[in-house]
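Quick notes on the structure that follows.
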Amino acid sequence: MTSSLWLDQINPRILRCWRGNWMPGTIEPARALYEHELVLVTEGACTVRVEKTSHVLAAGHYIIIPPAALHISTAGGEGVHRACIHFDWTHVPGRSQTPICRFYPEKLPAEQVVQAPSWVPTHLPPGVWEADSPVLSLVDALFDRWASADPIQAATSRAVLQELLLRLLWRENSKPAAPDRSTQIAWLVKDLLDSHFNKPDCIRTLLAPLGFSYEHLCRTFHHKFGIAPLTYLNAQRLERAKALLPNPRLTIAEIAYANGFHDAGYFTRKFRERYGVVPSDLR
Numbered sequence: 063m064t065s066s067l068w069l070d071q072i073n074p075r076i077l078r079c080w081r082g083n084w085m086p087g088t089i090e091p092a093r094a095l096y097e098h099e100l101v102l103v104t105e106g107a108c109t110v111r112v113e114k115t116s117h118v119l120a121a122g123h124y125i126i127i128p129p130a131a132l133h134i135s136t137a138g139g140e141g142v143h144r145a146c147i148h149f150d151w152t153h154v155p156g157r158s159q160t161p162i163c164r165f166y167p168e169k170l171p172a173e174q175v176v177q178a179p180s181w182v183p184t185h186l187p188p189g190v191w192e193a194d195s196p197v198l199s200l201v202d203a204l205f206d207r208w209a210s211a212d213p214i215q216a217a218t219s220r221a222v223l224q225e226l227l228l229r230l231l232w233r234e235n236s237k238p239a240a241p242d243r244s245t246q247i248a249w250l251v252k253d254l255l256d257s258h259f260n261k262p263d264c265i266r267t268l269l270a271p272l273g274f275s276y277e278h279l280c281r282t283f284h285h286k287f288g289i290a291p292l293t294y295l296n297a298q299r300l301e302r303a304k305a306l307l308p309n310p311r312l313t314i315a316e317i318a319y320a321n322g323f324h325d326a327g328y329f330t331r332k333f334r335e336r337y338g339v340v341p342s343d344l345r
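Start counting at 1 in the sequence shown, then tack on 62, and there's your number in the working numbering.
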């Protein structure tokens, strides 16, 4: 996996979960699941054979077992403590309740198997979490919430699983998304307009310090916010002026001036265009 962008799309649903100790040498026979299972080894070790591949998992290791894959688990010589979480990557409409698994040689009904969405990588190798990672505390929180009689606590266990999956699957060597330069420019324009709404300066002069042509700034701002910079600036000025009109201590000219309109006629014209009335109608 070379990118972690697909993780932005996960919205997991927990189906069942449990954890506990398995005695040394304990074997769970070949079985297949209807959904994905996240297995985290917290103490000891075990071997998990998925189809034809065996994985030795010590404390601090995890594996995600895909649905319909035959797998066998064998506890190590000192036993093993595991946390197991059955989940779907996203909400599955009309999801029917299924048994926990089917043991070989029984077959899973194909229509009940919930495969991963197409954007989930086809191969998710076993992994390890860092010693200072919050993984174990997240596991505790997930199990506590999942078992809670409080429906809100139970429902928010999904959010804990989402963070847990992100913590485990995020790859440090994933290339970060390149900064969206146009978005940064648009916000710089907006910041200038917001902080200088009451200045009478020409908008070209106001935006000149950004170092781009006025036309480029207008196109970029409009692309991100759907409005031209001057239209946005006037809208903000007019909203502020409208809020001050009921104040009898201020004249209309003073209100216009305080909000960057140094031409009373222009202020009145723009006010009528936006609100369908002239400023004096709101006095």
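Cβ coordinates follow ideal geometry from the N, Cα and C atoms, glycine included.
Going by DSSP, residue 143 is part of no alpha helix (DSSP H) but of the beta strand (DSSP E) stretching over 133-150. When secondary structure is reduced to three states using DSSP, residue 289 falls in the coil class, being assigned neither helix nor strand. Around the Cβ of residue 269, a 10 Å sphere holds 16 or more other Cβ atoms; the residue is buried. Each of 125, 120, 168 was checked against the Cα of residue 92, and the nearest Cα belongs to 168.
Three or more Cβ pairs drawn from the segment 95-106 and the segment 139-149 lie within less than 8 Å of each other, which places the two stretches in contact.
Residue 206 and residue 151 have their alpha carbons spaced roughly 21 Å apart. Note on geometry: alpha-carbon atoms of residue 140 and residue 118 lie some 14 Å from one another. Between residue 135 and residue 90, the gap from beta carbon to beta carbon is short of 8 Å. Between residue 275 and residue 314, the C-beta spacing is not below 8 Å. For residue 123, the number of other beta carbons within 10 angstroms of its own is at least 16, and it is reported as buried.
Membership of residue 205 in the alpha helix (DSSP H) is indicated by the continuous run 197-208. Comparing alpha carbon positions, the residue from 282, 285, 320, 85 closest to residue 296 is 320.
For residue 80, the uninterrupted beta strand (DSSP E) run begins and ends at 75-84, by DSSP. Look at residue 109 here: in three-state DSSP terms it is strand.
Proximity to residue 290 across 109, 251, 153 peaks at 251, based on C-alpha coordinates. A direct Cα-to-Cα measurement between residue 280 and residue 183 gives close to 40 Å.
Here DSSP, grouped into helix, strand and coil, assigns residue 124 to strand.
Residue 224 is positioned such that its CB atom lies no closer than 8 Å to that of residue 127. Annotation: the continuous alpha helix (DSSP H) that includes residue 329 extends over 326-337. In this structure, residue 154 lies away from residue 175, with their beta-carbon atoms at least 8 Å apart.
In the structure shown, the three-state DSSP call for residue 116 is strand. With a 10 Å radius around the Cβ and a threshold of 16 neighbouring Cβ atoms, residue 328 comes out exposed. Boundaries of the alpha helix (DSSP H) around residue 217: 213-217.
Counting along the chain, residue 307 sits inside no alpha helix (DSSP H), nor does DSSP assign it H or E at all. For residue 200, the CB contacts under 8 Å within the same chain, skipping 5 residues up- and downstream, are 222, 225, 226, 229 in chain order. For the pair residue 86 and residue 120, the CB atoms are not nearer than the 8 Å cut-off.
If you draw a 10 Å sphere on the C-beta of residue 79, you find 16 or more other C-beta atoms in it, and that means buried. Taking the Cα positions, residue 303 is about 14 Å away from residue 311. Counting only the Cα atoms, residue 255 lies some 25 Å from residue 338.
Going by beta carbons, residue 142 and residue 107 fall inside the 8 Å limit.
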